[in-house]
Amino acid sequence: MDPRQRTPRTVARDRRRERALDWEATRRPAWVMWLSVACVVLLLVAVVALANSDRRAKPTAVNGDVLGPDRETVAEYTRRARGELDAMTGDEPRWALVTPATAQGPDGLAQLFGDLADVRVSTLLVGPNARETLPEPARGARRIDVFTAARDTLAVEAGTEPTDPALDAEGVLVHARPDALREIARRGVRAVEPLPPDAVYGRFALRSVAVATDREPGA
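Residue numbers for the sequence shown follow the numbering used here, so the first one is 81 and each next one is one higher.
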């Protein structure tokens, strides 16, 4: 018989091998899915980080409250702030913006707030945009130490020397009771503008007198 005319042999199916190949085929998409999930998580983390960074630089006026000039001249803002200070009622602590008569460095700020232990000095406003959040003085430290450290940080961020007068604070956000705010107002500052006691930190706009409509750049 001619070998070329032999009937081909049937190869038995290797079902174990087929199952292994099927498992490999379904495993790869699972890795793709997990990779996609990881990418989404990383994206969400980045979005949250950027949102927190922007919130630190630019508090949003979620409740519509504003501290500082609101399309006003310096004189208009000063009069309005005085009226709001005089209209305060109750004894609940509240947020307020203190505007010194002139921009102040660490020494001037320490003279203004150094002996007011019940006043929480929260944030320095420098120029129209820069700001620095302040911690409360640690045990054994003084307010001037906190003000000096904040100025050093601002100098590094601005790429200048700590002695640069452009780093002087034009506004100070504080949290205090009405009697303490009135005491600050008696210390020769330009204005003390309080918010209602139910105003929440981070939910009001914060502007220094540098944005007043009649202020010249650098004035």
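Every residue, glycine too, gets a C-beta built ideally from N, C-alpha and C. Nothing here was measured: the structure is a model prediction, and the numbers come from that model.
Just checking my contact of residue i with residue j at CB under 8 Å: how many whole Å lie between their CB atoms?
i	j	result
Ala230	Glu212	4 Å
Val206	Leu189	Val206 to Leu189, Cβ: 12 Å. No contact.
Val291	Pro149	6 Å
Asp232	Pro242	5 Å
Phe284	Val199	Rounded, the Cβ-Cβ distance is 18 Å, inconsistent with contact.
For residue i versus residue j, is the C-beta spacing smaller than 8 Å?
i	j	result
Leu253	Ser202	yes
Glu263	Ser288	no
Thr158	Thr293	no
Leu204	Leu214	yes
Pro277	Gly170	yes
Please confirm if residue i has its CB atom under 8 Å from at least one CB of chain C.
i	result
Gly185	Checking the listed chains, one finds no chain C in this structure; it contains a single protein chain.
Taking buried to mean at least 16 other C-beta atoms within 10 Å of its own C-beta, is residue i buried or exposed?
i	result
Arg223	buried
Thr240	exposed
Pro139	Residue placement at Pro139 is poorly supported in this model, since its pLDDT is 43, which falls under 50; the coordinates still yield a value, given next. Buried: at least 16 other Cβ atoms inside 10 Å.
Ala260	buried
Thr179	buried
Pro186	buried
Leu286	buried
Ala197	exposed
Val280	exposed
Ala181	exposed
Ala265	buried
Val226	buried
Asp195	exposed
Does the stretch 269-286 touch the stretch 146-164, meaning 3 or more C-beta pairs lie closer than 8 Å? Put simply, the stretch 146-164 touches the stretch 269-286. At least three CB pairs are less than 8 Å apart.
Which residue spans inside the stretch 185-216 form an unbroken beta strand (DSSP E) run of at least 3? The stretch 185-216 contains, as complete beta strand (DSSP E) runs of 3+ residues, the segments 200-206 and 210-213 (chain order).
Check whether the stretch 173-182 and the stretch 254-271 touch, using three or more Cβ-Cβ pairs below 8 Å as the test. The count of Cβ pairs closer than 8 Å, one atom from the stretch 173-182 and one from the stretch 254-271, reaches three, so the stretches are in contact.
Within the stretch 238-280, note down every full alpha helix (DSSP H) run reaching 4 residues or more, in order along the chain. Counting only runs that start and end inside the stretch 238-280, the alpha helix (DSSP H) elements of at least 4 residues fall at 258-265.
Those runs of the alpha helix (DSSP H) which lie wholly inside the stretch 152-178 and span at least 4 residues: Taking only runs of at least 4 residues, the alpha helix (DSSP H) segments lying wholly in the stretch 152-178 are 154-166.
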